[in-house]
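Visitor: What follows is a structure written as structure tokens; I'll ask about it next.
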């Protein structure tokens, strides 16, 4: 992510990342964390890991939705969102 990594949202120097994993899905970091949590739950099945998985998925999907709401302020985001699935598991087009 380089210079695009920041806390909060600022239009100063904003550049939408559309290459690398971001051309396959809009939230590759969150998707990777979710897949890791699923793997942990499968490797160490317990009520605790199941609860952590559910809470983690809810938190990350909420964060992703909040980020998208804020990114809609930028004109380039709408076209990107139209052609790129939110999650890698949302579309068979990911493997194109």
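Numbering (the numbering used here), first residue to last: 18 to 113.
Even for Gly, the Cβ is constructed at its ideal location relative to N, Cα and C.
Taking DSSP as the reference, what is the three-state secondary structure of residue 45?
Guide: Helix, per DSSP.
Visitor: Using C-beta distances below 7 Å, list every residue in its chain close to residue 107, excluding the 5 sequence neighbours before and after it, in chain order.
Guide: If we look at residue 107 and ignore the five residues flanking it on each side, it has no Cβ neighbours.
Visitor: With 16 other CB atoms within 10 Å as the buried threshold, where does residue 47 fall?
Guide: Buried, by the Cβ-count rule.
Visitor: From 77, 34, 86 and 66, pick the residue whose C-alpha is nearest to that of residue 104; which is it?
Guide: Answer by Cα proximity: 77.
Visitor: Is residue 65 helix, strand or coil when you go by DSSP?
Guide: The answer is helix: DSSP assigns residue 65 an H, G or I state.
Visitor: Starting from residue 95, trace the alpha helix (DSSP H) both ways and give me its first and last residue.
Guide: Residue 95 -> alpha helix (DSSP H) spans 92–100.
Visitor: My output table needs one value for residue 104: the three-state DSSP class, helix, strand or coil.
Guide: In this structure, residue 104 counts as coil in the three-state DSSP scheme.
Visitor: Mark residue 36 as exposed unless 16 or more other C-beta atoms lie within 10 angstroms of its C-beta, in which case mark it buried.
Guide: Residue 36 comes out exposed.
Visitor: Counting C-beta neighbours from all protein chains within 10 Å, is the total for residue 73 16 or more, i.e. buried, or is it exposed?
Guide: It counts as buried.
Visitor: I believe residue 70 touches residue 55 by the beta-carbon criterion, under 8 Å. Please report the beta-carbon distance rounded to the nearest angstrom.
Guide: Indeed, because the Cβ distance is near 7 Å, the residues count as touching under 8 Å.
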